[in-house]
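In the working numbering, the protein residues as written are 912 to 1035.
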């Protein structure tokens, strides 16, 4: 099973998963649940567990700073713990499995942001 996390929309979290050859999209309302909880709920709903994951992808370069950091941290953590490959992408791509399989295990992704960080600016 392969999983893509798109945490960039302001109003929802989008997960794409592939069990065989076709990608399936699931959308979740952005609420007070953690991203990990949403991933676990998806896996539970399709009778899968974390060890069933064979590779991960995460959308970077768009969306809010914190949402990007959370998604990137989650996929890197899962990649490390499960010893599976992970890639960063700018959007969903149906040929993503090839890209994931080509990525070496132990190579992690860096968050890319849609704009410069706006933290600690000079107060006027």
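Heads up, the beta-carbon is just placed ideally off N, CA and C, and yes, glycines get one too.
As assigned by DSSP and simplified to three states, the class of residue 964: For this step, residue 964 is matched to residue 53 along the chain shown. Looking at residue 964 - three-state DSSP - the assignment turns out to be coil, as it is neither helix nor strand.
Between the CA atoms of residue 996 and residue 961 - distance to the nearest angstrom: What you label residue 961 is simply residue 50 of the chain shown in a count that begins at 1. What you label residue 996 is simply residue 85 of the chain shown in a count that begins at 1. Their backbone Cα atoms lie some 14 angstroms apart in a straight line.
Three-way DSSP call (helix, strand, coil) for residue 1022 in this model: The count along the chain shown starts at 1 and reaches residue 1022 at position 111. Coil.
Check whether residue 959 and residue 938 have beta carbons under 8 angstroms apart: Taking the chain shown and counting its residues from 1, the one referred to as residue 959 is at position 48. Taking the chain shown and counting its residues from 1, the one referred to as residue 938 is at position 27. Not closer than 8 angstroms, so no.
Cβ-Cβ distance between residue 986 and residue 1020 below 8 angstroms: The count along the chain shown starts at 1 and reaches residue 986 at position 75. The count along the chain shown starts at 1 and reaches residue 1020 at position 109. In this structure, residue 1020 lies closer than 8 angstroms to residue 986 by Cβ.
Backbone CA spacing between residue 1017 and residue 993 [nearest angstrom]: Stepping through the chain shown from its first residue, residue 1017 is reached at position 106. Stepping through the chain shown from its first residue, residue 993 is reached at position 82. Taking the straight line from one Cα to the other gives about 10 angstroms.
Where the alpha helix (DSSP H) through residue 915 begins and ends: Against the chain shown, residue 915 aligns to sequence position 4. Here residue 915 belongs to no alpha helix (DSSP H); instead the beta strand (DSSP E) covers 913-917.
C-beta atoms of residue 953 and residue 926 nearer than 8 angstroms: Here residue 953 is taken as the residue at index 42 of the chain shown, counted from 1. Here residue 926 is taken as the residue at index 15 of the chain shown, counted from 1. Yes. Within cutoff.
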